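Participant:
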Amino acid sequence: MFSFSKNALLATASTSLFVLLWSSGAIFSKLGLAHASPFAFLLIRFAIALCALVLLVPLLKFKLPRPGKPMLYAAVTGLVLLGAYQIFYLLALQLNVTPGVMATLMGVQPILTVVLMERQRSWQRMFGLALGLVGLVMVVYQGIGLAGMSLAGMLCGLLALVSMTAGSIMQKRITDNPLGTLPVQYLAGLILCAVFVPFQPFHFEHSMGFIVPVLWMGLVVSVLATLLLYRLIARGNLVNVTSLFYLVPAVTAIMDYLVFGNRLALLSLLGMVLIIIGLVFVFRKSR
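For what it's worth, the UniProt record's numbering labels the leading residue of the sequence shown as 1, then goes sequentially.
1) Here's the rule I'm using: 16 or more other beta-carbon atoms within 10 Å means buried, otherwise exposed. How should Gln200 be labelled?
2) Any contact of the region 201–218 with the region 158–169, i.e. 3+ C-beta pairs under 8 Å?
3) Give the list of continuous alpha helix (DSSP H) stretches no shorter than 4 residues that lie fully inside the region 108–154.
4) Contact defined as beta carbons within less than 8 Å: I believe Gly32 pairs with Phe41. What is the distance between those atoms, to the nearest angstrom?
5) Can you pull the DSSP bridge partners for Ala36?
6) Between the region 270–277 and the region 125–143, can you find at least three pairs of beta-carbon atoms closer than 8 Å?
7) Whose C-alpha, out of Leu50, Tyr73, Thr12, is nearest the C-alpha of Leu215?
8) Around the Cβ of Met117, are there at least 16 other Cβ atoms within 10 angstroms (buried) or fewer (exposed)?
9) Between Ser37, Leu60, Phe28, which has its C-alpha nearest Met227's C-alpha?
10) Would Pro198 be called buried (16 or more neighbouring beta carbons within 10 Å of its own) or exposed?
11) Quick one: using the 10 Å Cβ neighbour count with 16 as the cut-off for buried, is Phe281 buried or exposed?
12) Given this structure, state the Cα-to-Cα distance separating Gly145 from Ile44, to the nearest angstrom.
13) With distances taken Cα to Cα, identify the nearest neighbour of Arg231 among Pro67, Leu192, Leu179, Thr113.
14) Do Gly189 and Gly78 have their C-beta atoms closer together than 7 Å?
15) Nearest-angstrom Cα distance between Phe260 and Val80?
16) What number of angstroms, rounded off, separates the C-alpha of Tyr85 from the C-alpha of Met149?
17) Which residue wins for smallest C-alpha separation from Met255, given the options Met217, Thr15, Ser23?
18) From what residue to what residue does the alpha helix (DSSP H) around Phe88 run?
19) With the cut-off set at 7 Å, would you say Ala52 and Val223 are in Cβ contact?
20) At the level of alpha carbons, what is the spacing between Arg119 and Ile169?
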C-alpha cells in the first residue's frame, strides 16, 4: 500500500513539475527579451542546450540517428520544430504579444496535430477541432481587433503554431530512438539562427536579467523539461501526458498575470476555454 502511494506521489510530482517548467518557457523568454535581441537570446540558448546534450550523450547512452536519411530527416525536423518555431515564437513576444496569448494560441497545436495525422476522423475529434479553431479565432480577434496587438506579432504567433504543428507531425514519424535526435535537432536550430544573425539586430546585456532567463531556457526548459516529458511518455502515460497540455495555457496565463500584470481579456479567456474543451474531445477515448 505504501509503495503504491509513494509511486502515485512521485508520478504526481513529476507531472506537476513538467507543467510548471513547460509553462514557464514563455515567461522566461519574455524576461530575457528585455535584455537581448531575439536572435541573440535564441542563439545562446540553443548553444547552451546543445552543449548540455552533448555532455549527456555518453551519460544517458543516447543513440544518435544513423548517417544518411535518418540523420537528414532529424536535422530537417529540428529546423522546423525547434528553429522556425522558436524564431517565430520569440519574434511574437518581441512584438508585444503577451505570453498568455501565445500559450493560448499554441494550445491549438495538439488538436491540429492529431486531427491532421488521423485518417479516420471521428465526429468527436472533428467537433473538438472546430471548437479549437473557434477559440483560436476569438483569441486572434481579441489580440488584433480589440487589444491593439500588432498584425505582425499575431502573424508570427500563428506561424509559430504552424511550425510547431508541422514539426510535431514530422517528429511523430521518428520511432527509432527519438530522444537521440535531440542533439542533431538543436544543432540544426542553432545553424538556422546563425544564418539570420548577420541580417538581424544582435545584442545582449551582461546582466542577471539576461543570464538567468537564457540559462533557464537553455538548461531547464530545453533539456530538463524535455527529458522529463520523454520519461513520462516512456512510462506508458501518453494519454495522461497529453492531458497535461490542457493545463499549460491556463498556468502560463496565471504566471503572465503574476509576473507582468497581463490579464487575458474576456474574449481570449472564452477562447482558451473552447480550446481546452476541444482538447478534451480530441483526446477522449472513443467508446
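Idealized CB from N, CA, C, for every residue including glycine. Computed from a predicted model, the values in this text were never measured in an experiment.
Facilitator: Per the coordinate set shown:
1) By 1-based counting over the sequence shown, the position of residue 200 is 200. With fewer than 16 other Cβ atoms within 10 Å, it is exposed.
2) no
3) 109–117, 123–141
4) Here residue 32 refers to the residue found at position 32 of the sequence shown. Here residue 41 refers to the residue found at position 41 of the sequence shown. Contact holds; Cβ gap of about 5 Å.
5) Your numbering for residue 36 matches position 36 in the sequence shown. For Ala36, which the question treats as bridged, DSSP gives the partners Phe204.
6) yes
7) In the sequence shown, residue 215 corresponds to position 215, counting from 1. Checking every option, the nearest Cα to that of Leu215 belongs to Leu50.
8) By 1-based counting over the sequence shown, the position of residue 117 is 117. Result: exposed.
9) Start at 1 with the first residue of the sequence shown, and residue 227 comes out as number 227. The sequence as given places Leu at residue 227; Met does not occur at that position. Here the closest residue by C-alpha is Leu60.
10) On the sequence shown, residue 198 is found 198 positions in, with the first residue counted as 1. Answer is exposed; the Cβ neighbour count stays below 16.
11) Reading the sequence shown from its first residue, position 281 is the one you call residue 281. When all chains shown are included, Phe281 counts as buried.
12) Residue numbering aside, residue 145 sits at position 145 when the sequence shown is read from its first letter. Residue numbering aside, residue 44 sits at position 44 when the sequence shown is read from its first letter. Computed Cα separation, rounded: 35 Å.
13) The sequence position of residue 231 within the sequence shown is 231, counting from 1. Nearest option by C-alpha distance: Leu179.
14) On the sequence shown, residue 189 is found 189 positions in, with the first residue counted as 1. On the sequence shown, residue 78 is found 78 positions in, with the first residue counted as 1. Going by C-beta atoms, Gly189 is nearer than 7 Å to Gly78.
15) Within the sequence shown, the letter at position 260 stands for residue 260. Within the sequence shown, the letter at position 80 stands for residue 80. Using only the alpha carbons, I get a separation of about 29 Å.
16) For this step, residue 85 is matched to residue 85 along the sequence shown. For this step, residue 149 is matched to residue 149 along the sequence shown. Tyr85 and Met149: Cα-Cα distance of roughly 20 Å.
17) Counting from one through the sequence shown, the residue named residue 255 turns up at place 255. Among Met217, Thr15, Ser23, the Cα nearest to that of Met255 is on Ser23.
18) The residue you call residue 88 lines up with position 88 of the sequence shown. That run of the alpha helix (DSSP H) goes 85–94.
19) The residue given as residue 52 occupies position 52 in the sequence shown. The residue given as residue 223 occupies position 223 in the sequence shown. Cβ distance < 7 Å, so Ala52 and Val223 count as in contact.
20) The residue you call residue 119 lines up with position 119 of the sequence shown. The residue you call residue 169 lines up with position 169 of the sequence shown. So the two alpha carbons sit approximately 13 Å from each other.
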